[in-house]
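Listed in order, the protein sequences are those of chains A and B. Note that my numbering numbers the first sequence so that position 60 is 1205, with each residue one more than the last. Note that my numbering numbers the second sequence so that position 68 is 71, with each residue one more than the last.
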Amino acid sequence: MALQSLDIVRRSATTTPPPGVREAATGTVAKLIDTSKCIGCKACQVACMEWNDLRDDIGTNVGSYENPSDLTAQSWTLMRFAEYENPKGDLEWLIRKDGCMHCEDPGCLKACPSPGAIVQYSNGIVDFHEENCIGCGYCITACPFDIPRISKKDHKAYKCTLCSDRVAVGLEPACVKACPTGAIMFGTKEDMQQQAAERVEDLNSRGFDRAGLYDPAGVGGTHVMYVLHHADQPQLYSGLAVDPHISAAVGLWKGVAKPMALAGMALTALVGFFHYIRVGRNETTERDEAAAAQDQKLRQDGEQRQ
Amino acid sequence: MNDANRRDTLVRYTAGERTNHWIVAMTFVLAALSGLALFHPALFWLSNLFGGGPWTRILHPYLALVMLFAYLFLASTFWKDNRLQDRDWAWLRQIKDVVSNREDRLPEVGRYNAGQKLLFFTIVVCLIGLLLSGIVIWRAYFSIYIPVGLIRLGSVVHAVCAWLLVCAIIVHIYAAIWVKGSVHAMTRGTVTPGWAWKHHRGWFREMTHAANSRPRSD
Chain A
1146 MALQSLDIVR RSATTTPPPG VREAATGTVA KLIDTSKCIG CKACQVACME WNDLRDDIGT
1206 NVGSYENPSD LTAQSWTLMR FAEYENPKGD LEWLIRKDGC MHCEDPGCLK ACPSPGAIVQ
1266 YSNGIVDFHE ENCIGCGYCI TACPFDIPRI SKKDHKAYKC TLCSDRVAVG LEPACVKACP
1326 TGAIMFGTKE DMQQQAAERV EDLNSRGFDR AGLYDPAGVG GTHVMYVLHH ADQPQLYSGL
1386 AVDPHISAAV GLWKGVAKPM ALAGMALTAL VGFFHYIRVG RNETTERDEA AAAQDQKLRQ
1446 DGEQRQ
Chain B
4 MNDANRRDTL VRYTAGERTN HWIVAMTFVL AALSGLALFH PALFWLSNLF GGGPWTRILH
64 PYLALVMLFA YLFLASTFWK DNRLQDRDWA WLRQIKDVVS NREDRLPEVG RYNAGQKLLF
124 FTIVVCLIGL LLSGIVIWRA YFSIYIPVGL IRLGSVVHAV CAWLLVCAII VHIYAAIWVK
184 GSVHAMTRGT VTPGWAWKHH RGWFREMTHA ANSRPRSD
């Protein structure tokens, strides 16, 4: 929330650049989630609740380990459990910590109509400033990962902040701190890519020859990345997007359509104005009144003769 | 003014029709301004007219629904006078004469000319598009039941229809300013015989036909 210890590089519904003299010389940050090390303990969910003061409603068992059953305005991260039978006939329990991916090219920020309700910091974190949120839900429409949720209580959109408040003072996100297996790591994006490369090599040597890093290029890369045993099939992990990108419809709606539409409206009004001063008004004159009277008289005389 | 001296003797719009038109006009302006506030960042300041961003988001669909219902009445009143006929196409082919104020060269026009009829149906089509897409993107009530692909499409359809409608209404407002006497028709309800003879001769003859002639009702 509005932490000026982090520089803003992009701001929703703002057409001029934000202050940009200071640069993040050390690069951006990233969270690396290694699905191959995750044991599904949900300590990350609990840490997220604790740090962010969130207490979701107690839900119902929907026949899965997932609890709650979906992300909500009160649950910014969620372990998703998928049971996958691999071609060898073995069961694989694929567990993925779901939440905001902190896209380099965030669809939510592109779509947001309220100035400053969504920002991207120079360290890569995409953050919602709920005090500016108007509750329209355009961020949900544009998100390639179906992450933001509007609260029923205050009609504002919420999602993972990547603990921007902690990161701003040199701490790692709460989920990273709580993870007992080291499946969630945090550092510069470069370091996390390096770490992932080592993990992928290790997984390859253990028979997961399609293991890889999930850092999708369609959204310019993300600041939350996954190490996946099956990087060729991200959809196995409870429907992780195979090729996430800002949809063409959103690109049109929030891109070229905006200036074109305003120009079209202004042009229509201008054509009218110049028509008025060039061709001029269309007035009814005394001659028209006389012609009307004569027209009426002639017809009435004709009717009388019949 | 002494009624006997008034020359605007032909009733073009009754008090009910005028009221209906201006309810549509007012709610259109409010819906358009609140919609534009959410469409382009350069126009977000318009949300101040409605009490801020959240209020703009809350009010916009309700303002639009009032407009829609008011237009339903208006459309049912004027539907039969707006049916396109063969002579309308001839009128449209001579659009150069229309914009050059050379009305004497145009085919005879009934209660509405082809331009007015096209506007009428443009509004009908845009409002249907806005209603359907508006339901899809109304986050507070409906969006949670609708797949995201449809919401994305709905957002584009809503913007395109709204843009077309705003442009059409700009043309409508300009035409009313351009053709003198039109604003009087929609504020006072009446026109002079000369105005009707010049712009809507078919309607003029219908209105001044011996059997149809009637005194001012208000």
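Ideal Cβ positions, reconstructed from N, Cα and C, are used throughout, including at glycine. Remember, predicted model here, so these are calculated numbers, not experimental data.
When the Cα atoms are used, what is the spatial distance from residue i to residue j?
{"i": "Ala1170/A", "j": "Tyr1266/A", "result": "13 Å"}
{"i": "Thr1286/A", "j": "Asn1277/A", "result": "18 Å"}
{"i": "Glu106/B", "j": "Asp100/B", "result": "7 Å"}
{"i": "Asp1179/A", "j": "Met1330/A", "result": "8 Å"}
{"i": "Thr1370/A", "j": "Ala1188/A", "result": "One point to set straight first is that residue 1370/A is Met, not Thr, in the sequence displayed. Straight-line Cα distance between these residues: approximately 19 Å."}
{"i": "Ile1263/A", "j": "Pro1289/A", "result": "16 Å"}
{"i": "Glu1237/A", "j": "Arg60/B", "result": "46 Å"}
{"i": "His1495/A", "j": "Asn1349/A", "result": "Here chain A covers residues 1146 to 1451 and nothing more, so residue 1495/A does not appear."}
{"i": "Glu1431/A", "j": "Gly197/B", "result": "8 Å"}
{"i": "Pro218/B", "j": "Ala28/B", "result": "Legend: pLDDT at Pro218/B = 48, less than 50; position of this residue unreliable, no value from coordinates given."}
{"i": "Ala179/B", "j": "Ala1175/A", "result": "60 Å"}
{"i": "Ser1209/A", "j": "Ile1184/A", "result": "15 Å"}
{"i": "Glu20/B", "j": "Leu75/B", "result": "12 Å"}
{"i": "Tyr1229/A", "j": "Ile1240/A", "result": "10 Å"}
{"i": "Ser146/B", "j": "Ser79/B", "result": "31 Å"}
{"i": "Ile149/B", "j": "Arg142/B", "result": "10 Å"}
{"i": "Phe123/B", "j": "Phe31/B", "result": "14 Å"}
{"i": "Pro1318/A", "j": "Gln1190/A", "result": "12 Å"}
{"i": "Asp1446/A", "j": "Glu209/B", "result": "16 Å"}
{"i": "Phe72/B", "j": "Pro1162/A", "result": "43 Å"}
{"i": "Pro1379/A", "j": "Gly1352/A", "result": "18 Å"}
{"i": "Ala45/B", "j": "Pro1404/A", "result": "10 Å"}
{"i": "Ile26/B", "j": "Met70/B", "result": "7 Å"}
{"i": "Arg1444/A", "j": "Arg1450/A", "result": "10 Å"}
Taking only three categories from DSSP, how would you classify residue i?
{"i": "Arg21/B", "result": "helix"}
{"i": "Glu1230/A", "result": "strand"}
{"i": "Met1246/A", "result": "coil"}
{"i": "Ile1422/A", "result": "helix"}
{"i": "Pro218/B", "result": "Model confidence at Pro218/B stands at a pLDDT of 48, short of 50, so the residue's coordinates are unreliable; what they give is reported in the following sentence. Coil at Pro218/B, not helix or strand."}
{"i": "Leu77/B", "result": "helix"}
{"i": "Phe42/B", "result": "helix"}
{"i": "Thr1161/A", "result": "coil"}
{"i": "Thr1217/A", "result": "coil"}
{"i": "Ile1391/A", "result": "coil"}
{"i": "Ala1147/A", "result": "Here Ala1147/A scores only 49 on pLDDT, less than 50, and its place in the model is too uncertain to base an answer on."}
{"i": "Tyr1359/A", "result": "strand"}
{"i": "Ala1438/A", "result": "helix"}
{"i": "Arg60/B", "result": "helix"}
{"i": "Lys1287/A", "result": "Rather than Lys, the amino acid found at residue 1287/A in this sequence is Ala. It is helical."}
{"i": "Glu1315/A", "result": "Reading the sequence as shown, one finds Gly at residue 1315/A and not Glu. Reduced to three states, the DSSP call for Gly1315/A is coil."}
{"i": "Trp1398/A", "result": "helix"}
{"i": "Tyr1210/A", "result": "coil"}
What does residue i pair with, by DSSP beta-bridge criteria?
{"i": "Asn1427/A", "result": "Val182/B"}
{"i": "Glu1237/A", "result": "Tyr1229/A"}
{"i": "Ile1153/A", "result": "Tyr1266/A"}
{"i": "Tyr1371/A", "result": "Ile1178/A, Tyr1359/A"}
{"i": "Asp1272/A", "result": "Val1264/A"}
{"i": "Ala1302/A", "result": "Ile1295/A"}
{"i": "Thr193/B", "result": "Val14/B"}
{"i": "Leu1223/A", "result": "Asp1243/A"}
{"i": "Met1330/A", "result": "Leu1177/A"}
Does the distance from the CB of residue i to the CB of residue j come in under 7 Å?
{"i": "Leu39/B", "j": "Leu49/B", "result": "yes"}
{"i": "Ala1218/A", "j": "Ser1296/A", "result": "yes"}
{"i": "Ser1383/A", "j": "Ala1227/A", "result": "yes"}
{"i": "Arg23/B", "j": "Leu68/B", "result": "Here residue 23/B is Asn; the residue named in the question, Arg, does not match the sequence. Going by C-beta atoms, Asn23/B is not nearer than 7 Å to Leu68/B."}
{"i": "Cys1245/A", "j": "Ile1292/A", "result": "yes"}
{"i": "Gly1284/A", "j": "Val1364/A", "result": "At residue 1284/A the sequence reads Cys, which differs from the Gly that was named. Result no, Cβ atoms of Cys1284/A and Val1364/A do not sit closer than 7 Å."}
{"i": "Gly1252/A", "j": "His1368/A", "result": "no"}
{"i": "Trp166/B", "j": "Arg1426/A", "result": "no"}
{"i": "Lys1182/A", "j": "Ala1341/A", "result": "no"}
{"i": "Arg1355/A", "j": "Asp1377/A", "result": "yes"}
{"i": "Lys120/B", "j": "Leu66/B", "result": "no"}
{"i": "Thr1173/A", "j": "Lys1334/A", "result": "yes"}
{"i": "Trp206/B", "j": "Ala1436/A", "result": "no"}
{"i": "Arg9/B", "j": "Thr195/B", "result": "no"}
{"i": "Leu153/B", "j": "Val139/B", "result": "yes"}
Report yes if the C-beta of residue i is less than 6 Å from at least one heavy atom of the ligand FAD; otherwise report no.
{"i": "His1368/A", "result": "Only the bare structure without any ligand can be found here, which leaves the ligand FAD out of the picture."}
I think residue i touches residue j, with their Cβ atoms under 8 Å apart; what is that distance to the nearest whole Å?
{"i": "Trp92/B", "j": "Leu109/B", "result": "That belief does not hold up - the Cβ atoms of Trp92/B and Leu109/B are roughly 12 Å apart, past 8 Å."}
{"i": "Ala162/B", "j": "Ala1406/A", "result": "7 Å"}
{"i": "Val1395/A", "j": "Ala1256/A", "result": "6 Å"}
{"i": "Ser158/B", "j": "Trp1398/A", "result": "5 Å"}
{"i": "Leu41/B", "j": "Pro1258/A", "result": "4 Å"}
{"i": "Gly184/B", "j": "Thr1429/A", "result": "6 Å"}
{"i": "Leu13/B", "j": "Thr193/B", "result": "6 Å"}
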